[in-house]
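A short worksheet on the structure shown next.
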Amino acid sequence: MNGYDEEALEKFRRSGKILRETREEIKHFVREGMPIIKICEKTEGLIREKGGKPAFPCNVSINEIAAHYTSPPNDDRKIPEKSIVKVDIGVHVDGYVTDTAITVCFNPEYVSLVEAAEHALKTAINNIHPGMHTSKLGAMIEKTIKSRGFKPVSNLTGHQVGRYLVHAGTSLPNVSHLSFSKIKLGEIYAIEPFVTLPNAVGKVENDKEVTIFRFLKHKSLKNPYAKQLLKHIEENFRTLPFAERWLRGAVPKEHYREAFRELLSSKALMGYPIFIEASRKPVAQAEHTVLIVKEGCVVLT
Ligand code: MN
Ligand code: MN
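If you count by our numbering, then the sequence shown holds residues 40 to 340, one letter each, in order.
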């Protein structure tokens, strides 16, 4: 995962620039009452217009939903009033992935929660350096969040990114933990503190709904449309996550449902369950992708 050449680094930088520009445009686009699918499609469209590809579907996770919600096809859900909305987006350029997230807050009560996530991210960025133990970084993030009167979500972590991989190699827990992993020069990490209220459980659990999927392995499939659909998925997204919205037109409409169902039941695909805070308390998130350099890190997003 370590030691990218200049050509790869240039692609990471391009990927990060596209993502940064997209995030800044989206920040002011999200509104209460807006259909979620409009945000997903707008974001993914901006990424493509700028010459990138979405590394995963635009995640729009509201209130106690911490991550992994994207609009299913024909989604009619809207941004609720007084909600806090995590918009988490990724780009790849020739497979090189960058990942960023912001929290848009429509509830004055939760402004300081959002600021705590942003502050924890900033502290991590200012302190991360080659040779640092991930446990030290986690403890630092936890301390920063607690000093503001909030709680980190303990089972969501930052992560290395790679080529056609969103979660690669070493994780970066947002809490103090037992690990001997060290951050190395030349590695690229997404740092992403998730913050919730002090009286929350501070963990996420899987919800029932699944809106994001990825290719897992080849399977012998009976249904020819399932075969065709899997081929389409592999060619277009490889091992990167995708949304069902992106499969439009891949097989005749009347065969789609059955084909997709077979891919799931045969485990050719896997789903990412929606993550919901265990005590249903609101969650804020902030995220950047950084390159580890001698002096510390360079923010790519
Ligand atoms: Mn992300
Ligand atoms: Mn991430």
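Note that the Cβ used here is the ideal one computed from N, Cα and C, for glycine as well.
Residue i, buried or exposed, once every other Cβ within 10 Å from all chains shown has been counted against 16
i, result
"GLY91", "buried"
"PHE219", "exposed"
"ARG53", "buried"
"ASP44", "exposed"
"ALA323", "buried"
"VAL150", "exposed"
"ASP115", "exposed"
"LYS190", "buried"
"PRO96", "buried"
"ARG284", "buried"
"PRO321", "buried"
"VAL132", "buried"
Inter-residue spacing [alpha-carbon to alpha-carbon] between residue i and residue j
i, j, result
"TYR228", "HIS168", "11 angstroms"
"GLU231", "LYS66", "17 angstroms"
"MET171", "VAL329", "14 angstroms"
"SER304", "LYS258", "11 angstroms"
"ARG70", "GLU64", "13 angstroms"
"PRO280", "THR109", "11 angstroms"
"PHE299", "ALA163", "41 angstroms"
"GLY134", "ALA94", "8 angstroms"
"GLU181", "SER215", "7 angstroms"
"THR209", "SER174", "12 angstroms"
"LYS161", "GLU148", "22 angstroms"
"HIS327", "PHE68", "20 angstroms"
"ARG287", "LEU255", "20 angstroms"
"VAL124", "ARG87", "23 angstroms"
"PRO263", "ASN213", "45 angstroms"
"ASN238", "LEU152", "13 angstroms"
Backbone secondary structure at residue i - three-state DSSP
i, result
"GLY129", "strand"
"PHE219", "coil"
"GLY84", "helix"
"GLU316", "strand"
"GLU326", "strand"
"GLY90", "coil"
"SER305", "coil"
"VAL338", "strand"
ask   = Where in the region 229–303 do unbroken runs of the beta strand (DSSP E), each at least 3 residues long, occur, reported from the N-terminal end onward?
value = 233–235 and 243–254
query = At what residue ranges does the region 96–167 contain a whole run of the beta strand (DSSP E), taking only runs of 3 or more?
reply = 104–106, 123–132 and 135–144
task = Entirely within the region 163–199 and at least 4 residues each: give me those alpha helix (DSSP H) ranges in chain order.
result = 173–186
query = Given 8 angstroms as the limit, is there contact between the region 116–127 and the region 70–89, that is, 3 or more CB pairs closer than that?
reply = Touching, per the Cβ criterion.
query = Are the region 263–270 and the region 236–250 touching by the rule of at least three beta carbon pairs closer than 8 angstroms?
reply = no
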